[in-house]
Amino acid sequence: MATNPMHQFQVNRIGPKIEISGIDLSFTNASLFMVISATFVTLLLLLGTREKKLIPSKVQLVSEMLYNFIAKMISDTAGKKAKPYFPFIFSLFIFILFCNMVGMLPYSFTVTSHIIVTLTFAIFIFVGVTILGFIIHGFKYLKIFVPSGVPIVLLPIITVIEIISYLSRPVSLSVRLFANMMAGHTMLKVFGGFVISLGLIGGWLPLSFSVALTGLEILVAFLQAYVFAILTCIYLNDALNLHH
Amino acid sequence: MKKFLIILILSTLFGGSLFAAEAGMPQLDPKYWASQAFWLIIIFLSIYLLIAKIFIPKIKNNIDTREDKIRKDLEEARIFREEAEKKLKMYKDLIENAKVDSKKILSESRQKLNEDIRIKKEKIQKEIEKETRNAEKEIEKFKSDSINKVGAISEDIVFSLLKDIFGEDGNKSSIKATVSEVIKKQRITKS
Chain S
1 MATNPMHQFQ
11 VNRIGPKIEI
21 SGIDLSFTNA
31 SLFMVISATF
41 VTLLLLLGTR
51 EKKLIPSKVQ
61 LVSEMLYNFI
71 AKMISDTAGK
81 KAKPYFPFIF
91 SLFIFILFCN
101 MVGMLPYSFT
111 VTSHIIVTLT
121 FAIFIFVGVT
131 ILGFIIHGFK
141 YLKIFVPSGV
151 PIVLLPIITV
161 IEIISYLSRP
171 VSLSVRLFAN
181 MMAGHTMLKV
191 FGGFVISLGL
201 IGGWLPLSFS
211 VALTGLEILV
221 AFLQAYVFAI
231 LTCIYLNDAL
241 NLHH
Chain G
245 MKKFLIILIL
255 STLFGGSLFA
265 AEAGMPQLDP
275 KYWASQAFWL
285 IIIFLSIYLL
295 IAKIFIPKIK
305 NNIDTREDKI
315 RKDLEEARIF
325 REEAEKKLKM
335 YKDLIENAKV
345 DSKKILSESR
355 QKLNEDIRIK
365 KEKIQKEIEK
375 ETRNAEKEIE
385 KFKSDSINKV
395 GAISEDIVFS
405 LLKDIFGEDG
415 NKSSIKATVS
425 EVIKKQRITK
435 S
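Residue numbers (our numbering), protein chains in the order written: chain S, 1 to 244; chain G, 245 to 435.
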């Protein structure tokens, strides 16, 4: 049913069913929009790096601004040691940004509005950062749970809180992005539905809301990609520069 | 989360019937979880490799080239500026030297001129003095000459007067003596 605000999140198989050892790995509309987003990213960067001009063309300027923006974000939050992870953060930010933005097109599918997608990212980042921390600092990495300068009496409680907060990182990271994207798109759909149900007389109010919400959602799409990337940088910083 | 709650409330208030067909969120249906995660990993990995191996080095190269060029240009500009400043200093020095030289020449020539004038003045002064002396001498000579001549003329006049009045020649020597006596007297009374 098209008027169901949750219908837009429905995942459908496209093409033949692919099954590997009993697990369904079929190509779906979600996968299709991942490919579309990735294609847009590639296209932008391809056009941006096609010609090497001293005075950049518009597309070149966009790609260079993106590069500088993320380079600054990483150096501000995680310092110089995080430089080897720059390509990962760059890809993460730009891929999530484009998934969110492609989701803003009518009739499209928002890849990041699915908890499994954001959770995959979040778990990968969480596991990766934890392993990195242990590789760099060894067992001293466990100090991250014991903040310095805390009274002895409070230390057990603080440590428990720190452990819980550390373990909830993947959950908060993934749910933040997923919930924002889902809520925004549901709200747009609900207001869109109101426009139809209230008709020519009363439909103008929800329509104007829809327009405003679309603007807001574009902002949220950017902001959430940025938040996701910057939180990744902060977690990375914890693992690279252990000082709590 | 606030937005999420608003959606839930709005949906339950207005869109109750909308949920009749499909209840719940498709996101929580695990049917395609594995597929989504699988395709995400494949697609993200490929885009990561593309970005890390091709695009980022390219962009970095571009930016570095530009910064290099800018740095070089700035360096060049700095060198040019320094050169210009050096040249300017040289010109200033040149002008300064010329000023000093001209002052020196001016004062020297003035001194020379003054000396010249002084010498010429002296020379003229001497000449004037000499001329004056000559003139004075001449005047003196003329004076004495004129007295003698006046004497002679007076004698002649007296002689002719005596001849006209008395019809005889007077004694020339006594006339001469008398005239010179008178002249002497006149001179004394005058002076």
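From the three backbone atoms N, C-alpha and C, an ideal C-beta is built for every residue, glycine too.
DSSP-derived helix/strand/coil call for residue i
i	result
S:T28	strand
S:I116	helix
G:E412	coil
S:E19	strand
G:G260	No answer about G:G260 holds up, because its pLDDT of 44 lies below 50 and its placement is not dependable.
Neighbouring residues, chain G, relative to residue i (Cβ below 7 Å)
i	result
S:S26	S279
S:I115	Q271
S:Q10	P270
S:T130	In chain order: nothing, as chain G lies at least about 19 Å away.
Burial state of residue i (16 or more Cβ within 10 Å)
i	result
G:I349	exposed
S:I18	exposed
S:H185	buried
S:F88	buried
S:L236	buried
S:M34	buried
S:G48	buried
G:A379	exposed
G:E359	exposed
G:M334	exposed
G:W283	buried
G:F324	exposed
G:T309	exposed
G:N271	For the sequence presented, residue 271 of chain G should be read as Gln rather than Asn. Buried, because 16 or more other Cβ atoms sit within 10 Å of the Cβ of G:Q271.
S:W204	exposed
S:P206	buried
G:V426	exposed
G:I295	buried
S:S189	This sequence places Lys at residue 189 of chain S; Ser is not what is there. Classification of S:K189: buried, given that the 10 Å Cβ count is 16 or more.
Interface residues of chain S facing residue i [CB-CB closer than 7 Å]
i	result
G:Y335	Within 7 Å Cβ-Cβ: nothing; G:Y335 doesn't reach chain S, min ~36 Å.
G:R310	L54
G:L284	M34, V117, T120
CB-CB length for residue i against residue j, believed under 8 Å
i	j	result
S:A221	S:N68	Contact flag wrong, Cβ pair sits at about 21 Å.
S:L242	S:H137	5 Å
S:K81	S:L240	4 Å
S:S210	S:G192	6 Å
S:A122	S:P170	4 Å
S:V153	S:S37	Not quite, the Cβ-Cβ distance comes to about 51 Å (not below 8 Å), so this is no contact.
S:N29	S:N4	No, S:N29 and S:N4 are not in contact; Cβ-Cβ is about 16 Å, not under 8 Å.
G:S398	G:V423	5 Å
S:M182	S:F9	7 Å
S:S174	S:L119	4 Å
S:I158	S:P147	6 Å
G:I419	G:F403	6 Å
S:A179	S:F93	Going by Cβ atoms, the distance from S:A179 to S:F93 rounds to 19 Å, so no, they are not a contact pair.
S:F90	S:I116	Actually they are not in contact, since the Cβ atoms of S:F90 and S:I116 sit about 23 Å apart, beyond 8 Å.
Any non-hydrogen atom of the ligand SAM closer than 7 Å to residue i Cβ
i	result
G:I287	Only the bare structure without any ligand can be found here, which leaves the ligand SAM out of the picture.
Amino acids of chain G, ordered along the chain, whose beta-carbon sits closer than 8 Å to that of residue i
i	result
S:Y67	I300, I303, K304, I307
S:E64	I303, N306, I307
S:T214	Correct list: empty, because the minimum Cβ distance to chain G is about 14 Å.
S:T112	In chain order: nothing, as chain G lies at least about 10 Å away.
Residues that residue i contacts on chain S, provided the C-beta gap is smaller than 8 Å
i	result
G:L350	Ordered by position in chain S, no residue passes the 8 Å Cβ test against G:L350, which lies about 58 Å from the chain.
G:K275	V11, D24
G:K313	L54
G:F324	Under the 8 Å cutoff, chain S gives no residues; its nearest Cβ is about 20 Å from G:F324.
G:I339	The contacting residues do not exist; G:I339 stays about 42 Å from chain S at best.
Closer than 9 Å at the beta carbon, the chain S residues around residue i
i	result
G:A296	F86, P87, F88, F90, S91
G:I287	S31, M34, V35, S37, A38, F95
Within chain G, partners of residue i - CB distance below 9 Å
i	result
S:A30	Y276, S279, Q280, W283, L284
is_contact[residue i, chain A] using C-beta, thresh 8 Å
i	result
S:T77	Reference to chain A is not applicable here, since the protein chains of this structure are S and G.
- Message: Tell me which residues of the segment 32-47 of chain S have at least one Cβ-Cβ distance to chain G shorter than 7 Å, keeping chain order.
- Response: M34, V35, A38, V41, T42, L45
- Query: Between the segment 158-192 of chain S and chain G, which residues of the former have CB atoms less than 8 Å from a CB of the latter, in chain order?
  - Reply: F178, A179, N180, M182, A183, G184, T186, M187, V190
- Pull out every residue of the segment 92-109 of chain S whose Cβ sits closer than 7 Å to any Cβ of chain G, in chain order. F95
- Task: Give the residues from the segment 220-244 of chain S that approach chain G closer than 7 Å (Cβ to any Cβ), ordered along the chain.
- Result: none
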